[in-house]
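Comments concern the structure below.
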């Protein structure tokens, strides 16, 4: 009916263009990072204090990062609005339940990607002091493009374990694998 036509139109006019913009922004972002001093030569490069500094302090990296984050946010918003329109009709929502789960999953992955990029390249004050962050560009073979890895690890695992393990379980048994 009219609602399905509206949903199809929305996909063609809003979601697909947002996806294409995000794809282009991601390619530019990766190109900028791979060409930056933070990419390293196949070795991990520590970021922040005690490392090579903050990539987001470089205006070219910051512009590429901001462009990527803006397009990821827009795509996440478009997918959310599409999901809302599909869910507006209960029968349609039930019929398209699997696709709605796919949309929710894509929205979560987009939000997680934006959070990870911010955490690694432009952390806030608290995050800067509580995470070790690094970047690595690894060659994947002869003449092939490299793989760019952005990574972060918490310095203190206490809060992470408390939230994700101890608070969710009545009892926990920990053992060491050290021989």
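Numbering (my numbering), first residue to last: 22 to 200.
Idealized CB from N, CA, C, for every residue including glycine.
Model, not experiment: these values are computed from the prediction.
For the set 38, 107, 29, 98, the Cα lying nearest the Cα of residue 120 is the one of 107. Judged by beta-carbon spacing, residue 133 lies beyond the 8 Å limit of residue 152, meaning their Cβ atoms are not closer than that value.
Judged by DSSP in its simplified three-state form, residue 57 adopts coil rather than helix or strand. In the DSSP assignment, residue 197 falls outside any beta strand (DSSP E) and carries neither an H nor an E. The beta carbon of residue 88 is closer than 8 Å to those of 46, 49, 50 in its chain, skipping five residues each way along the sequence. DSSP places residue 184 outside any beta strand (DSSP E); the residue lies instead in the alpha helix (DSSP H), whose first and last residues are 179-185.
Going by beta carbons, residue 127 and residue 100 fall inside the 8 Å limit. Put simply, of 61, 75, 79 the residue whose alpha carbon is nearest the alpha carbon of residue 144 is 75.
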